[in-house]
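Residue 62 is where the sequence shown starts when you use the working numbering, and the numbers rise one by one after that.
Worksheet: one structure, shown below.
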Amino acid sequence: MHLVVDGNNIAWAGFHSLRRAMGAETPEQYVRSAGLGLTQSVLGLILRAGEPPPEPGDPHPPQHEVSRVTVVFDEGRPLRRRTIYPPYQTGRESDPSFMEHERHVLAGIAGFIEGMRHAPVTILRGVNTEADDLVAWTVLEDNPGVHARVASTDRDFMQLVGGETSIYSPVKRVVIDAANFHEHASPKLSDGTPVLFPRERYLDYRAASGDASDDLPGIPGVGAVTAARLVAYGPLDAYFDDPTLAAEACGRRSAKVEAAFRSGEAREVVARNRELMDLRRAVRHYPSMAEYTTQGTWDEGAFARWLRDDVRPGNLDQDAVVQAVAKLAVDRDA
């Protein structure tokens, strides 16, 4: 199995978790919390083969064996997407906490990358691009036919689920694949009933409802439940030709939603959001990963010293980590 880690996503999650636990107050402590959170998460994923931490008395052995590890990062701003939609991801830049701590997280990432020079781990890093695109390229283009597991909380990767691709969500501590996709992708009504829709329409579900985390609005009047009902009833493009179908799909008429389809605004929103959200389309912009790639060289002594002296992980068996990473080197060279 190819374990593909959304590095920035995991680094920020680790930073927010550990800075509170560690009582971080200085720049050095902030950098330490980001770097330690990222490193412990990645090495823990390698040890567990991309599976959730075991529950007491239920070790649930991994379904796959990790043979390759790629950790993906980005830096800067998503310039390609901002040429399409200038407000894309600008909200975080007005967040004082993000702007204050971005440099600390990036410094933690830099320390992780430096340590990984001694491990058989591939680092992909793009400047002024998005890690999402590089993750998608790795999953779709690198070693097709090999099972890939993406570790991230980013719901955009749900569009890749199926066949040889699964997602590990660190927050939910669950592996999402074709078998349980609907359980984790479908929005729920107030009584808890999920609104199911075809897995292959997940991208259009997101395009219709938008993504507030990326400052990306959806069709006016369309939230998650309405979007799910629309794509459950039929292909999204059908509503552009016949706006009255929206009332049939939703079980009631919404003047706002119908007006968006009649005016052409819905078509424009969906076209824009597909362009921004479609990871399969994004991959076409990257004929090669050569300029983004750094490949570590296995040096057991240097890696063990880095782990012991610099990382000092509190919740990992360092000997077990070294053995697991050494096995990656054997698998890579086989």
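The beta-carbon is built from N, C-alpha and C at its ideal position, and this holds for glycine as well.
List the whole-angstrom C-beta distance separating residue i from residue j, where the pair is believed to meet the contact cut-off of C-beta under 8 Å.
i	j	result
Ser270	Val256	No, Ser270 and Val256 are not in contact; Cβ-Cβ is about 11 Å, not under 8 Å.
Phe364	Ala180	5 Å
Thr354	Leu185	6 Å
Ala327	Phe301	7 Å
Arg81	Tyr91	Between Tyr91 and Arg81 the Cβ distance is about 11 Å, and since that is not below 8 Å, they are no contact.
Ala310	Tyr294	3 Å
Ile107	Ala385	5 Å
Ile71	Pro231	7 Å
Asp265	Leu297	4 Å
Which same chain residues end up closer than 7 Å to residue i when comparing Cβ atoms and leaving out the 5 residues on each side of it in sequence?
i	result
Leu337	Arg142, Ile145, Tyr146, Tyr149 and Leu277
Glu361	Val383 and Ala387
Gly96	Gly169, Gly172 and Phe173
Trp367	Gly176 and His179
Leu250	Val256 and Val286
Phe263	Checking the sequence, you will find Tyr at residue 263 rather than Phe. Here the set comprises Met219, Gln220 and Ala246.
Gln356	Thr183
Arg138	Asn189
Leu140	Asn189
Glu126	Met62 and Ala110
Asp67	Val133, Ala192, Val196, Val211, Ala212, Ser213 and Asp215
Asp156	none
To which residues of the same chain is residue i closer than 8 Å at the C-beta, ignoring the five residues directly before and after it?
i	result
Gly312	Arg290
Ala85	Leu79, Tyr91, Arg93 and Ser94
So for residue i, helix, strand or coil by DSSP?
i	result
Ser230	strand
Val65	strand
Arg178	helix
Glu225	coil
Pro278	strand
Arg314	coil
Gln356	strand
Val283	coil
Thr100	helix
Any heavy atom of the ligand GTP closer than 7 Å to the beta-carbon of residue i?
i	result
Pro181	In the structure on display, the ligand GTP does not appear, and there are no ligands present to speak of.
Residue i and residue j: beta carbons closer than 8 Å?
i	j	result
Thr214	Val133	no
Val207	Ile228	no
Val318	Val283	yes
Gly111	Leu377	no
Val435	Arg267	Summary: the structure shown does not reach residue 435, with the chain confined to residues 62 through 395, and so no result is reported for it.
Asp194	Val344	yes
Ala192	Asn334	no
Val235	Gly279	no
Trp73	Val166	yes
Ala197	Leu340	yes
Leu201	Val130	no
Asp392	Ser128	yes
Between residue i and the rest of its own chain, which residues show a CB-CB distance below 6 Å, the 5 nearest in sequence each way excluded?
i	result
Val286	Pro248 and Val256
Gly75	Gly98, Leu99 and Ser102
Pro374	Gln101
Could you name the residues that DSSP lists as bridge partners for residue i?
i	result
Val188	Glu136
Lys249	Pro255
Gln124	According to DSSP, which records beta bridges pairwise, Gln124 is partnered with nothing at all.
Ala271	Correcting the residue type first, residue 271 is Gly in the shown sequence and not Ala. Note: Gly271 sits in a beta bridge opposite Pro278.
Glu361	Partner(s): none; Glu361 has no beta bridge.
Arg210	Leu64 and Ser227
Ile237	Ile228
Arg129	His63
Thr151	Answer is none; Thr151 lacks a bridge partner.
Thr183	Thr131 and Gln356
Is there a Cβ from chain B that is less than 8 Å from the Cβ of residue i?
i	result
Tyr149	Looking for chain B here will not work: only one protein chain is present.
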